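Residue numbers (the working numbering): 38 to 525. From the three backbone atoms N, C-alpha and C, an ideal C-beta is built for every residue, glycine too. Nothing here was measured: the structure is a model prediction, and the numbers come from that model.
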Ligand SMILES: [Zn+2]
Ligand SMILES: [Zn+2]
């Protein structure tokens, strides 16, 4: 049996649970093992000395001779998509491997991907519904705070609403635990010049730098560039720089001020640099040594903390502004996952969601925990707009240090793909990619679309065939992502 989870951090707990339940030797496989451990795990699986393999996406290639069952847990998770070459989607490959081995494949999720949902709608797979929460327990009460009226009434732009502040105090006072999610690292989001309107940006990317109070640096979240905080605007020399928006570090500080004496830990990529730190923080939280856990979506995944009775979500609608057709799906999934963290023990939970656009359908569906309604509307929209899974899509990025060159090459490629597609393949672009400049490279995007995946792949193969090297790789200036998980 092969059991995949989207993150390495989830493997130890699962391996332990499976070992206890089946009394079998379980082997763990993922990319953080060293060569010796990996070789060892590989050998044990190959020789049949361990019949259960648990791991993250690369464990899909584990050498199990008689594979009978493949489980892909949290199948909707972006962690299954490898974002570097070779770009593969482990969930989709699991279906291929399962078919070849004659094994049963189980895709598990509380918020299935649109791909999995459509496949069940079309009877290519069976849908099995678990209507009740595992281990019982009622769904938490979900409350929405409209941050527009919060601002009107208080005249202050603060990360925590009065409602959430009060709830945090009550929760901690009664000896229970809280989690606060905000999907943005750092202290403030952007440093903006009030005189000329420019944001202080990375020198290598066209992306605003984020202020990190810890370490006192402005940081680029894409290339890692960092700089000291300037006194004046680099563009117009005015001294009027303003901090706009907020991230995990600011939220942590606000909570510390709102609930004096509370034991708070932060979980994001800056605070957690190794699986060991992650395990230490999560362990401390589950033993009740921490009152409030603040963090990015790292805190939303799969963990079971029975003493958590309050979950706060800050800027719940931030992701909806991204130019990506999966933005709604991801927001809906995140809200459902995070709401699932509250009230897993015997005490009821509550969830407080803060947003600036509470009327957005994805947000409303997330709050109502109405996944079926959301999936139905979302699939209808994808069919109309011809986005996956209703069509096959490829995202091509052309990179060059010179902007005109990138556009020129993009236009040539677009022409060739159109020709190769013989009218059955649509090409959008070239246009500036959502991240128009990264690591000193200008980025131009082409979206290639066809009703049938076969046609899309054929057209790309014909149009790009001569660009690939002897080992089938594309040149460095071209990224080809078929079935992209995100368009950014
Ligand atoms: Zn300025
Ligand atoms: Zn950068």
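Here the alpha carbon of residue 521 sits roughly 42 Å from the alpha carbon of residue 190. If you check the C-beta of residue 232 against ligand 1, you find a heavy atom less than 6 Å away.
Between the beta-carbon of residue 156 and that of residue 112 there is about 11 Å, and that puts the pair past the 8 Å contact cut.
Judged by beta-carbon spacing, residue 361 lies beyond the 7 Å limit of residue 393, meaning their Cβ atoms are not closer than that value. For residue 38, the three-state secondary structure derived from DSSP is coil. DSSP places residue 462 in the strand class (E or B) of the three-state scheme. Runs of the alpha helix (DSSP H) spanning 4 or more residues and lying entirely within the stretch 188 to 243 occur at 199 to 210, in chain order. Relative to ligand 1, the beta carbon of residue 263 is positioned no closer than 6 Å to any heavy atom.
In the same chain as residue 269, and ignoring 5 residues on each side of it, the C-beta atoms closer than 7 Å to its own belong to 275 and 276, in chain order. DSSP places residue 515 inside the beta strand (DSSP E), whose first and last residues are 515 to 519.
In the DSSP assignment, residue 66 falls within the unbroken beta strand (DSSP E) covering 63 to 66. Between residue 488 and residue 519 the beta-carbon gap is near 15 Å, outside 8 Å, which marks them as no contact. Runs of the alpha helix (DSSP H) lying entirely within the stretch 320 to 400, each at least 4 residues long, are 364 to 376 in chain order. As computed with DSSP, residue 106 is found in a beta bridge with 141. Judged by DSSP secondary structure, residue 56 falls within the alpha helix (DSSP H) whose first and last residues are 48 to 59. Ranked by how close their Cα comes to the Cα of residue 200, the residues 349, 324 and 70 have 349 in first place. Taking all protein chains shown into account, residue 74 has fewer than 16 neighbouring C-beta atoms within 10 Å of its C-beta and is therefore exposed. Out of 153, 414, 246 and 407, the CA that lies nearest to the CA of residue 376 is found in 407. For the pair residue 209 and residue 202, the Cα-to-Cα distance works out to about 11 Å. Distance check between residue 451 and each of 439, 442, 461 and 465 places 465 closest, using alpha-carbon atoms only. DSSP, read as helix, strand or coil, puts residue 119 in coil.
Residue pairing from DSSP places residue 183 in a beta bridge opposite 392.
Closest by C-alpha distance to residue 430, out of 462, 181 and 412, is 462. Ranked by Cα distance from residue 109, the options 134, 185 and 86 are led by 134.
Contact between residue 254 and residue 263 holds: their C-beta atoms lie close to 4 Å from each other, under 8 Å. In this structure, DSSP gives residue 437 an extended state, which the three-state scheme calls strand.
DSSP places residue 280 in the uninterrupted beta strand (DSSP E) bounded by 278 to 281.
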